[in-house]
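Engineer: I'd like to ask you about the structure that follows.
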Amino acid sequence: MNANDQPTIPITDLRHRQPRFQGIESGHRACLGCGEALAARLVTEAAGPDVMIANATGCLEIFTTPWPESAWRLPWMHSLFENTGAIAAGMEAALKAQGKSTKVLAFGGDGGTFDIGFQSLSGMLERGHNVLYVCYDNEAYMNTGIQRSSSTPHAAITTTSPAGRERMGKRHLKKDILTIIASHHIPYAASASVAYPCDIRQKVRRAMEIEGPTFLLIHSPCPLGWGHDGALSIEVARLAVKTGLFPLIELERGELIGAMPLRDPRPVTEYLRLQQRFAHLFKDDPRARQELEHLQALAERNIEYYGLKGTQDDPRDSEGADTVRRGGQRWA
Amino acid sequence: MTELTRGAYALPGTSLTFKTGTWRVQKPVHHYRPAPCRNACPAGEDAQAYLGLLAQGKPQKAWEAIVEANPLPAITGRVCHHPCESACNRGQYDEAIGIHGVERFLGDEAIRLGWAYPVTPPAAEARQVAVVGAGPAGLSAAYHLLRRGYRVSLFDSLPVAGGTCRMAIPPYRLPRNVLEAEIERLLATGIDFRAQQQLGRDVSLQELQQDFGAVFLGPGTQKNREWSIDGAVPRDLHVGLDLLKEWMTVGSMIQASSVAIIGGGNTAVDMARVLKRCGVPTVHIITHQSLPGDGEDAEDAMRAIPREISQAQEEGVIIHPHRGILRLILRGERVVGVEMAHMKKLPRPDGSVQRVPFEGTETVLHVDQVIPAIGQQVDDSGMADLLQRQPLFSPDASCALPGHPGIYVGGDARPGTGSVSAAVGDGRRAAAAIDRYLRGLEPALDNLPEAVPFQQINLNYFEHAPRIDAPILPPAQRSGQEEIETSLEANQAGHEAGRCLSCGNCLACDNCWTLCPDSAVLKTTERAADGSHYVFDYDYCKGCGLCAHECPCGYIAMEDEG
Amino acid sequence: MRKALEGSQAIAQAVALCRPQVIAAYPITPQTHIVENIAKLVADGKLHCEYVSVESEFSAASVVLGAALAGSRTYTASASQGILLMAEVLFNIAGSRVPIVMTCANRAVSAPLSIWNDQQDSMAVRDAGWIQLYCADNQEAVDTTIQAYRIAERTELPVMVCVDGFSLTHTLEPIDIPPQQQVDAFLPPYQFARTLDPRKPISMGTLVSPDHYPEARHSHHQALLNAADEIVAADADWAAISGRSSGGLLQVEGDPDAEIAILTLGSVHGTLADARELHPELGPVKLIRLRSFRPFPTAALLQACAGLTDLVVLERALSPGGGGIVGVEVKAALLGLPNPPRVHNFAVGLGGRDVPLDIYPRLLQTVRSQPPGPFALFDVDLGRLPAEDR
């Protein structure tokens, strides 16, 4: 078979006949292998065309809308960094007053959600607005050049938490946003990962059906910020889940109702060694050893706390979810 | 410059004007590579292709893919030693795909449902080619020549076609009705079969060379090798293959209470099992080779198919590996025993190999028959000039006989594995070479690129699934001629096909389409020029390599841009 | 129908008459009564809207922004600290050219902390790109609020209706609340050209490069300048329906031949008007009341100041280290006159200090006895400051 022939189908034609809803078009300026671009594409695909989006300042907003270009095929507003929850709440109130069915989505990165945008998110959740808030978690302020946020994992290197004689990367732990979200007792909150696209789609559809505030945290690797090749984004994301460092859980009204079991939990080093932001932990330094143990302990604590240890025969576990079959069928 | 909109709003999808494809330094391409099963198949079948078709619910298309290469799947699906399964990448993950069982299933289905071979009758003025020997090599050569549009005349000294398959493979391995059906359907495609034509006696090689454009010889190895122990042979010497053939044609077998068969090939094993079925209480196989899988190197292993060996052992045959016979113990001219010693083939200083018996390991085995099954050689009747007293022919890789333009040789008559599937492969290659020869073209070999290694399969996307094997008759029930192995059911064959990792070829799993952050992989129901159903949109592809890394089949490769 | 109403209450009723669909409410003295009154109207079923009790002022501004984009008429109110907290959003709203109306209940800005009235808050955000209109009394607050919706929706610029905190918000006045039909005749249903709609999915809030940014800014600036005409037209049209004008861009009262004028924004005008009536002996003095501060009504001001020898600019805020805010803009505008009057620029009543009636004679005394000095706080008591801080 000939690998490099031009296809016999006109591409521009083909592009508009894809059997999926295209909420984000090609031509956006995300980095190669960007996990956030993929996550946003998957979310808008699953959410469908009858939505309105409020988007925080950050990578996603910047790489999709350099005027006069926009990659969005959905009604979309970027206001500021800290007010996405409130913009979404306002949109929702207006649509409700007008009796319309359009669902409001709020998109923000971890900076705009865990930190500066936290208050307006909390207010939106507390008031029960019918909004699906999706946080694309790449674990730092990436758009401004990789600065630490409260979502940055412990011991990770960023430009504002570098390693050196006095420091081993970020001192503080990753903020447990889901527990905080859970205590708002909203109908549905979940974490997901780009390594499990079917799982993302299912969770988005679940949230879309719910009348009320819902929250989705999607782990989105940043090749530039995490220090790995763009081709490895999925592999890195998968290992984050398989080690237990990023558990995929579901909460309803604050109660844990589901988690993706780990069939065979991997040691955290398998995940960490793929990323430059943890390279300092693999040097010959006693502090490095201690940090590795700390991260392993955090992972094990997650496994224990969320009951992630699976059995061999769960087709929805970390090995079984998103396995493929011929013809595009997936296990999920 | 674009007119500024109020509030600087942008219109939907306008990012398409920005062709991010210009960012690339490497680009994804569909890179078909053979799966290891394809490279391993002596007949040249593409198991990945037909497993794929079966998995898509197209059994007839799957069978047609098999008979692109091998017209005898119902036969090979029973007697082949399936090197495809040994090479199968899945074997390194959980269990190899049961390709052999699937081939058998499809071969049987074709017979049952009467699927037509993809052959159109040749033109009346088409050139003619002669094929001598209607064993698997000759049948395959005839079939492939017919497909290439030649008129073929197939000669055999026996009244019926089939060669070794008919004469030397017992019915409990290859039932007669299956053999007959397959051969009959194959001959019915338009091969002019001329039975009872012995080369030398009834037709000469010169006549064939005159009347036909080219000649393919698949004469097999009909002559027994010389065998003696220090020059001594028993008076009532029976050679294994002759006994086997006689049992298969006439049904009679020698009487004995204890037999030692010398040799480690399929004939020796088949002979042993037939003797057991005929009621001989004790049957030994003595071979200087090792049992397969004993951790010894593969060169040293018995040549017989491993499952045949283990089935023989289940049926009570006693095998003595790494043994040789020092002398026959005769009473008068009858054998009453053999003296055996441990023996191995070891290299001499000059690199050649000799059989070395080890002093002090001698034992006596009490037997009343010794049957050599040490291999055959070509019967050169009518071909003495070609063979020049060699045991086997030495054709080149395209089966052409050097120094004899227009003459081609394949099957057991040339050195090789001596398997049915290798013979089929020879027939196919020879047909291609004959075709080029007759069209005045330079010979060409089909060079398959390297197969996809296991490391390039992304196993994250495959769940473990147990292999399904069709049940085998337990030893206690293996009495006479009844076939020991059974067939997979349709859904079981489908299950096996579904386990195929599709190494090197698209599984249509949608992974690339799902995971591209730039929506630069587009899906199509038509086939793109490279045969897949996915097209890379190089206007936007940034060359990140995610698709290649996450392709479960190793079908996408990243090439340097420009 | 005329009723004695507290200013906040009247504004609340005016808002309700404009049929907003989404209201964002966050408490801050002295606007809290407005949102409280609105809450009661909603609870009693007299106003049907989505009433969103937000968790901060920047969320209040953001909620109304989101709602306006999604196609609904909106309202919110704030003051002082809240205005500054939402400052980022105010710039964002105006730059996005979204029609929104809010009330600013003018209050001093911390530090030092003060809950009382001056105009530092609205002055601090004069560059945000909003239309800013100042009300002299509560009737004007009602009428201006109603006009503000039409102005905003026609110009696609947000409007800040400035109402002095406590002085107006917490004062009872007899107010004519217009009947619903009058308001409906004046205000068509909310229509925004760039409403976000899945059927026409545009992207708002894009990144604009240097190649296009100056054009965007020019466009905004020009829109504000052009809005002056709409402000005048809205006032005239409303006057025709209701019988009441709120003064257009600015209003001049007094003897047309007077050579001295005092220029103010907001409710302090009322004090001066009362005082002038008490002191006819002090001679003819014009009172210029600036209603529109943004856009700055240069042409109207030049017309009002023609023939003046002295102009007192009496403002309710300052720019520390610079001086007066209104004064500087007035002086700059007056350069357009061949013989501009001398400008005496004072701030008065900062932090809610009472402006007594006798400020009128004292101002005139100052004007007539001295040439204009540097900007000063007219009512500051320097004796209460240590020497080095005077």
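Residue numbers (the numbering used here), protein chains in the order written: chain A, 12 to 343; chain B, 70 to 631; chain C, 181 to 570. The beta-carbon is built from N, C-alpha and C at its ideal position, and this holds for glycine as well.
Does the beta-carbon of C/Thr-335 have 16 or more other beta-carbons within 10 angstroms, so that it is buried, or is it exposed?
Structural biologist: C/Thr-335 is buried by the Cβ-count criterion.
Engineer: Give the DSSP-derived three-state secondary structure of B/Asn-529 in the structure shown.
Structural biologist: Here B/Asn-529 sits in helix by DSSP.
Engineer: Give the DSSP-derived three-state secondary structure of C/Tyr-393 in the structure shown.
Structural biologist: Reduced to three states, the DSSP call for C/Tyr-393 is helix.
Engineer: Taking only beta-carbon atoms, is B/His-411 less than 8 Å away from chain A?
Structural biologist: So no, B/His-411 is outside the interface.
Engineer: Taking B/Arg-181 as part of the alpha helix (DSSP H), name the residues at either end of that continuous run.
Structural biologist: Element bounds for B/Arg-181: 168–182.
Engineer: Run down chain A in chain order and give the residues with a C-beta less than 7 Å from the C-beta of C/Gly-251.
Structural biologist: The answer, in chain order, is Ala-105, Gln-109.
Engineer: List, in order along the chain, the chain C residues whose C-beta lies closer than 7 Å to that of B/Leu-80?
Structural biologist: Simply Ile-382.
Engineer: For C/Leu-352, tell me which candidate among C/Phe-526, C/Tyr-540, C/Ser-549, C/Lys-183 has the shortest Cα-Cα distance.
Structural biologist: Nearest C-alpha to C/Leu-352: C/Lys-183.
Engineer: Going by DSSP, what residue range makes up the alpha helix (DSSP H) through A/Gln-213?
Structural biologist: Segment 208–220, the alpha helix (DSSP H) holding A/Gln-213.
Engineer: Whose C-beta lies closer than 8 Å to the C-beta of B/Lys-611 among residues of the same chain, with five residues either side of it excluded?
Structural biologist: For B/Lys-611, where only same-chain residues beyond five positions count, the Cβ hits under 8 Å are Thr-89, Gly-90, Trp-92, Arg-93, Asp-587, Ala-589.
Engineer: With a 10 Å radius around its C-beta and 16 neighbouring C-beta atoms as the bar for buried, classify B/Asp-448 as buried or exposed.
Structural biologist: Counting Cβ neighbours within 10 Å, B/Asp-448 comes out buried, since at least 16 surround it.
Engineer: Using the Cα positions of C/Asp-391 and C/Gly-309, report the straight-line distance between them to the nearest angstrom.
Structural biologist: Whole-angstrom Cα-Cα distance: 21 Å.
Engineer: Could you check where the alpha helix (DSSP H) with B/Gln-382 kicks off and where it finishes?
Structural biologist: From DSSP, the alpha helix (DSSP H) with B/Gln-382 extends over 375–383.
Engineer: Identify whether A/Met-102 lies in helix, strand or coil by the three-state DSSP scheme.
Structural biologist: Correct three-state label for A/Met-102: helix.
Engineer: Is there at least one Cβ from chain B nearer than 8 Å to C/Val-388's Cβ?
Structural biologist: True, the Cβ-Cβ gap to chain B drops below 8 Å.
Engineer: Whose Cβ in chain A lies nearer than 8 Å to the Cβ of C/Pro-378?
Structural biologist: The contacting residues are Pro-60, Asp-61, Val-62, Met-63, Leu-85, Pro-86, Thr-113.
Engineer: Could you pull out every residue in the same chain whose Cβ sits closer than 8 Å to the Cβ of C/Gly-427, ignoring the five residues on either side in sequence?
Structural biologist: Once the five neighbours on either side are set aside, the close Cβ partners of C/Gly-427 are Ala-316, Glu-320, Asp-415, Arg-469, Arg-471.
Engineer: Is DSSP giving B/Arg-216 helix, strand or coil here?
Structural biologist: B/Arg-216 falls in the helix class under three-state DSSP.
Engineer: Please list, in chain order, the chain B residues whose beta carbon lies closer than 8 Å to that of C/Arg-277.
Structural biologist: Per Cβ cutoff of 8 Å: Arg-75, Gly-76.
Engineer: What are the start and end residues of the beta strand (DSSP E) that includes B/Asp-261?
Structural biologist: Its beta strand (DSSP E) spans residues 261–263.
Engineer: Does the contact criterion of 3 or more C-beta pairs under 8 Å hold for the region 442–449 of chain C versus the region 528–545 of chain C?
Structural biologist: They touch, by the three-pair rule.
Engineer: Does the beta-carbon distance from A/Tyr-144 to A/Ala-100 come in below 8 Å?
Structural biologist: Contact flag unset, no.
Engineer: For the region 222–253 of chain A, which residues have a CB atom closer than 9 Å to at least one CB atom of chain B, in sequence order?
Structural biologist: Taking 9 Å as the Cβ-Cβ cut-off against chain B, the residues of the region 222–253 of chain A that qualify are Pro-234, Asp-240, Gly-241, Ala-242, Leu-243, Ser-244, Ile-245, Glu-246, Arg-249.
Engineer: Once you ignore the five residues that flank C/Val-305 on each side, which residues in its own chain have a CB closer than 7 Å to its CB?
Structural biologist: Only Ile-263, Ala-267, Leu-270 meet the Cβ criterion.
Engineer: Taking 8 Å as the limit between beta carbons, can you name the residues of its chain near B/Ile-440, skipping five residues before and five after?
Structural biologist: The answer, listed in chain order, is His-307, Val-308, Gly-309, Leu-312, Val-328, Ala-329, Ile-330, Ile-331, Met-340.
Engineer: Would DSSP call A/Asp-16 helix, strand or coil?
Structural biologist: Annotation note: pLDDT 47 at A/Asp-16 (below 50); position unreliable, no value reported.
Engineer: Which residues in chain C sit within 9 Å of A/Ala-100, going by Cβ to Cβ distance?
Structural biologist: Going along chain C in sequence order, the residues near A/Ala-100 (Cβ under 9 Å) are Ala-204, Val-232, Val-234, Ser-239, Ser-242, Val-243, Gly-246, Ala-247.
Engineer: Please confirm if the region 161–174 of chain B is in contact with the region 139–147 of chain B, defined as three or more CB-CB distances below 8 Å between the two stretches.
Structural biologist: Touching, yes.
Engineer: Could you tell me which uninterrupted beta strand (DSSP E) segments, each at least 3 residues in length, are contained entirely in the region 345–377 of chain C, listed from first to last along the chain?
Structural biologist: Those beta strand (DSSP E) runs which fall completely within the region 345–377 of chain C and span 3+ residues are 352–356.
Engineer: In terms of residue numbering, what span does the alpha helix (DSSP H) encompassing C/Thr-451 cover?
Structural biologist: Taken as a continuous stretch (DSSP letters only), the alpha helix (DSSP H) holding C/Thr-451 covers 448–458.
Engineer: For C/His-213, collect the residues of the same chain with a Cβ closer than 6 Å to its Cβ; drop the 5 residues on either side in sequence, then sort them by chain order.
Structural biologist: Result list for C/His-213: Ser-188, in chain order.
Engineer: Can a CB atom of chain A be found closer than 8 Å to the CB of C/Glu-333?
Structural biologist: Chain A contact via Cβ: absent.
Engineer: To which residues does DSSP link C/Arg-182 through a beta bridge?
Structural biologist: Paired residues: C/Asp-356.
Engineer: Given a cut-off of 8 Å, decide if C/Arg-253 and C/Tyr-370 are closer than it, judged by their beta-carbon atoms.
Structural biologist: Contact flag set, yes.
Engineer: In this structure, how does DSSP classify B/Met-236 when only helix, strand and coil are distinguished?
Structural biologist: Looking at B/Met-236 - three-state DSSP - the assignment turns out to be helix.
Engineer: Can you name the start and end residues of the alpha helix (DSSP H) that B/Arg-497 belongs to?
Structural biologist: First-last of the alpha helix (DSSP H) with B/Arg-497: 489–507.
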